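First comes the structure, then the notes that go with it.
2 protein chains.
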Amino acid sequence: MDESLTSRQLTKCDECRFGAHIEWSELETSEVELLNTTRRTRSHRRGGTIFNQDDEPQGIYCVSGGYVLLWRIDAFGNETAFGLVGPAELIGYRSYFAEDRHAATARALTDCQVCLVPSRTMRRLLDGSPALVRRFLRTLARDPGPSDGLLLRAHQVPIRVRLVSLLLILRDRFGVRGPDDSVEFNLPLARQDIAALVGARAETVTRTIKELEDDGIAIFHGRHVDVPHLDQLYEIVGIDEPV
Amino acid sequence: MDESLTSRQLTKCDECRFGAHIEWSELETSEVELLNTTRRTRSHRRGGTIFNQDDEPQGIYCVSGGYVLLWRIDAFGNETAFGLVGPAELIGYRSYFAEDRHAATARALTDCQVCLVPSRTMRRLLDGSPALVRRFLRTLARDPGPSDGLLLRAHQVPIRVRLVSLLLILRDRFGVRGPDDSVEFNLPLARQDIAALVGARAETVTRTIKELEDDGIAIFHGRHVDVPHLDQLYEIVGIDEPV
DNA sequence: CGTACCGTTGAGGTGAGTCAAAGTAAGTGG
DNA sequence: CCACTTACTTTGACTCACCTCAACGGTACG
């Protein structure tokens, strides 16, 4: 096993609480301590599986480093990705609260580190903290779930637009501002992953990318993307030009 | 206003609690009494609106009679229906817990009766009943939300299959067994509603219906549908024949 | 009896899928 | 470190399911 991850393993959950956006921020110090002592940290290599569709949930997973892709195979055999989760975000909570098997598979897009908060701990925390419960109610209600989470799989929206929407969504996490209004991306996504996210085939993604390159809107070099003018992305998504 | 509905208006929530499947079944008698005294019952004519997309939630709505369609207009202007709700089922809870405006519009498919449980009541009930909270956590986690709730909008699934899936889903509510393995439906849905539910255009629905009729799988007379052999529906959905 | 909506039918276009094959990158073992 | 396997990516030719636009027949309702 690669030790590079475990060496910079975080010792306290506090260090993970990047901000108020994570659910645990509702907890008191003593409760964070419980979280801290009962959680189980695991490292995953790129491509590894955190949990599998149809597995029985063992608790809630908290990503502390790296990125994770949530995808599922639907009743008709199509692979669909519906979520990309990064540091200080939770996964697997939906199945936990649904009291049902995992509806999705979580795959490590990069080497990553994930903590499992066991069901037993979750129960104690939820019983003791109405604030945490309220927070999870809100999270669940806002989470679009294993469906078209990214609004990327709406019908009658051309792949071109969906692809550009995806870029805009990923900008916060993987985009770096360049000179003027240019942006550079380093995506942890293979073409197939992109395809699964926008609800298309890999071949179509390739072709659409080429189209965007021809129009000078986004230049792809493998997983590196150059967007010379961010405005152009918004234009495409906004007005949905008639070709 | 038509009085036929108000005349058979239910006086107690108890009479509405058709079974354990409704959230209120978690409540104690005294709590049901609170529900009973603070709820506001409203009657709606067919076509009426219970709440509108982007409205501020005022509580949770409980359908006591009739059927309601949940639909929304997405960012790209497409109308999509994602839920059909009937007696003893709740609507609007997602927005309530999300602490956000309604993500959908609720339209009465039939004349119907809906009770509003005001936010104030909800707060009191939730504060007093951990069981109710747990139940709502489960409901939210299981509810696919304003997305492809019926698995009917999956990509690469032909409209024909989606339409048949819809029939199978609606069988419990609107299907009546006939002789042998035949089923009759009386749907409260216009062609456009069906189209919005399966993610297609009304014209395409018409054409697909005609196809099903030619194959003797389902005969449509307006909103009345005859299905001579239920098995055939399962066959279509199951094996997704290669034409 | 007209207005308005719903439903059907037709002609025509096309975006994206499918299949197949070649090219490229990435990881494995000797 | 190179040869080999395996998986990912690109390209091309072809097909078709569904959309669009437009017109017309039905049906409900004031």
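Listed in order, the protein sequences are those of chains A and B.
Position 22 of the first sequence, counted from 1, bears residue number 538 in our numbering, the numbering being contiguous throughout.
Position 185 of the second sequence, counted from 1, bears residue number 701 in our numbering, the numbering being contiguous throughout.
Glycine included, C-beta positions come from ideal geometry on N, C-alpha and C.
In this text, all values refer to a predicted model and were calculated from it rather than measured experimentally.
- What does DSSP give as the partner residues of Cys628 of chain B in its beta bridges? The residue you call residue 628 of chain B lines up with position 112 of the second sequence. In DSSP, Cys628 of chain B forms a bridge with B:His560.
- Query: Candidates B:Pro704, B:Gln708 and B:Ile752: which alpha carbon is nearest Glu727 of chain B's?
  - Reply: Your numbering for residue 727 of chain B matches position 211 in the second sequence. Taking only the C-alpha atoms, the option nearest Glu727 of chain B is B:Ile752.
- Nearest-angstrom beta carbon gap, Asp627 of chain A and Gly582 of chain A [assumed within contact, 8 Å]: Stepping through the first sequence from its first residue, residue 582 of chain A is reached at position 66. Stepping through the first sequence from its first residue, residue 627 of chain A is reached at position 111. Going by Cβ atoms, the distance from Gly582 of chain A to Asp627 of chain A rounds to 6 Å, so yes, they are a contact pair.
- Task: Indicate whether Glu595 of chain A and Ala712 of chain A have their beta-carbon atoms separated by less than 8 Å.
- Result: Start at 1 with the first residue of the first sequence, and residue 595 of chain A comes out as number 79. Start at 1 with the first residue of the first sequence, and residue 712 of chain A comes out as number 196. Against a cut-off of 8 Å, the Cβ pair of Ala712 of chain A and Glu595 of chain A comes out as a contact.
- Item | Given Ile576 of chain B as reference, the closest of B:Glu729, B:Arg636, B:His745 and B:Tyr750 once Cα atoms are compared | Taking the second sequence and counting its residues from 1, one reaches residue 576 of chain B at position 60. Comparing alpha-carbon positions, the option among B:Glu729, B:Arg636, B:His745 and B:Tyr750 lying closest to Ile576 of chain B turns out to be B:Arg636.
- With distances taken between CB atoms, is the gap from Tyr660 of chain B to Thr554 of chain B smaller than 8 Å? Position 144 of the second sequence, counting from 1, holds the residue named residue 660 of chain B. Position 38 of the second sequence, counting from 1, holds the residue named residue 554 of chain B. Sequence inspection shows Pro at residue 660 of chain B; the Tyr mentioned does not correspond to that position. Not a contact, by the Cβ cut-off of 8 Å.
- So, is Thr609 of chain B buried or exposed, given that buried needs 16 or more other C-beta atoms within 10 angstroms? Counting from one through the second sequence, the residue named residue 609 of chain B turns up at place 93. The residue you asked about is not Thr; residue 609 of chain B is Tyr in the sequence shown. Tyr609 of chain B comes out buried.
- Using 7 Å as the cut-off, classify the Cβ of Leu625 of chain B as near or not near the heavy atoms of the ligand SAM, replying yes or no. This structure lacks the ligand SAM, and indeed carries no ligand of any kind.
- Message: Could you check whether the Cβ of Val673 of chain B sits closer than 8 Å to any Cβ belonging to chain A?
- Response: The sequence position of residue 673 of chain B within the second sequence is 157, counting from 1. Interface flag for Val673 of chain B against chain A is set, since a Cβ pair is found closer than 8 Å.
- Task: Measure the beta-carbon distance from Phe613 of chain A to Leu656 of chain A and round it to whole angstroms, keeping in mind my assumption that it falls under 8 Å.
- Result: One-based indexing of the first sequence puts residue 613 of chain A at position 97. One-based indexing of the first sequence puts residue 656 of chain A at position 140. That pair is a contact at about 6 Å.
- Query: Using a C-beta to C-beta distance shorter than 7 Å, which residues of chain A count as neighbours of Glu615 of chain B?
  - Reply: As a working note, residue 615 of chain B is residue 99 in the second sequence. Within 7 Å Cβ-Cβ: Arg654.
- Report the partner residues of His737 of chain A according to the DSSP bridge assignment. The residue you call residue 737 of chain A lines up with position 221 of the first sequence. Per DSSP, A:His740.
- Item | Residue of B:Ser580, B:His745, B:Thr722 and B:Gly754 minimising C-alpha distance to Arg739 of chain B | Here the question's residue 739 of chain B lines up with position 223 in the second sequence. Ranking the options by Cα distance to Arg739 of chain B, first place goes to B:Thr722.
- Query: Alpha carbon to alpha carbon, what distance is there between Ser546 of chain B and Asp590 of chain A?
  - Reply: As a working note, residue 590 of chain A is residue 74 in the first sequence. As a working note, residue 546 of chain B is residue 30 in the second sequence. Taking the straight line joining both Cα atoms gives about 43 Å.
- Mind listing, in chain order, the continuous beta strand (DSSP E) runs of no fewer than 3 residues lying wholly within the segment 661-724 of chain B? 691-693 and 699-702
- Going by CA-CA distance only, name the one from A:Leu679, A:Asp747 and A:Glu700 that's closest to Val741 of chain A. For the purposes of this step, residue 741 of chain A is taken as the residue at position 225 of the first sequence. Here the closest residue by C-alpha is A:Glu700.
- State the Cα-Cα distance for the pair Gly564 of chain A and Asp570 of chain A, rounded to the nearest angstrom. Here residue 564 of chain A refers to the residue found at position 48 of the first sequence. Here residue 570 of chain A refers to the residue found at position 54 of the first sequence. Rounded to the nearest angstrom, the two C-alpha atoms are 17 Å apart.
- Query: Near Leu600 of chain A, what residues of its chain come up, given a Cβ to Cβ distance below 7 Å and the 5 sequence neighbours on each side ignored?
  - Reply: Start at 1 with the first residue of the first sequence, and residue 600 of chain A comes out as number 84. If we look at Leu600 of chain A and ignore the five residues flanking it on each side, its Cβ neighbours are Tyr583 and Leu585.
- Could you spell out the range, first to last residue, of the alpha helix (DSSP H) harbouring Leu642 of chain A? Translated into positions along the first sequence, residue 642 of chain A becomes position 126. Unbroken alpha helix (DSSP H) run through Leu642 of chain A: Ser635 to Gly644.
- Message: At the level of alpha carbons, what is the spacing between Leu791 of chain B and Glu729 of chain A?
- Response: Residue 791 of chain B falls outside the range modelled here, since chain B spans only 517 to 759, and no answer is possible.
- Query: Within the 8 Å Cβ cut-off, does Pro634 of chain A reach chain B?
  - Reply: Working through the first sequence from its first residue, we reach residue 634 of chain A at position 118. By this cut-off, Pro634 of chain A is not an interface position.
- Task: To the nearest angstrom, report how far apart Ala716 of chain A and Lys528 of chain B are at their CA atoms.
- Result: Within the first sequence, numbered from 1, the residue matching residue 716 of chain A stands at position 200. Within the second sequence, numbered from 1, the residue matching residue 528 of chain B stands at position 12. Whole-angstrom Cα-Cα distance: 51 Å.
- Task: Anything in chain A within Cβ reach of Ala504 of chain B, meaning under 7 Å, just list it in chain order.
- Result: Any property of residue 504 of chain B remains undetermined from this structure, which presents chain B solely from 517 to 759.
- Query: Can you name, in chain order, every residue of its own chain whose Cβ lies under 8 Å from the Cβ of Ala604 of chain B, other than the five neighbours on each side?
  - Reply: Working through the second sequence from its first residue, we reach residue 604 of chain B at position 88. Apart from sequence neighbours up to five positions away, the residues of its chain that approach Ala604 of chain B with a beta-carbon distance below 8 Å are Cys532, Arg533, Phe534, Gly535, His537, Ile538, Cys578, Val579 and Ser580, ordered along the chain.
- Message: Bridge partners for Gly481 of chain B per DSSP, in chain order?
- Response: Nothing about residue 481 of chain B can be read from this structure; chain B reaches only from 517 to 759.
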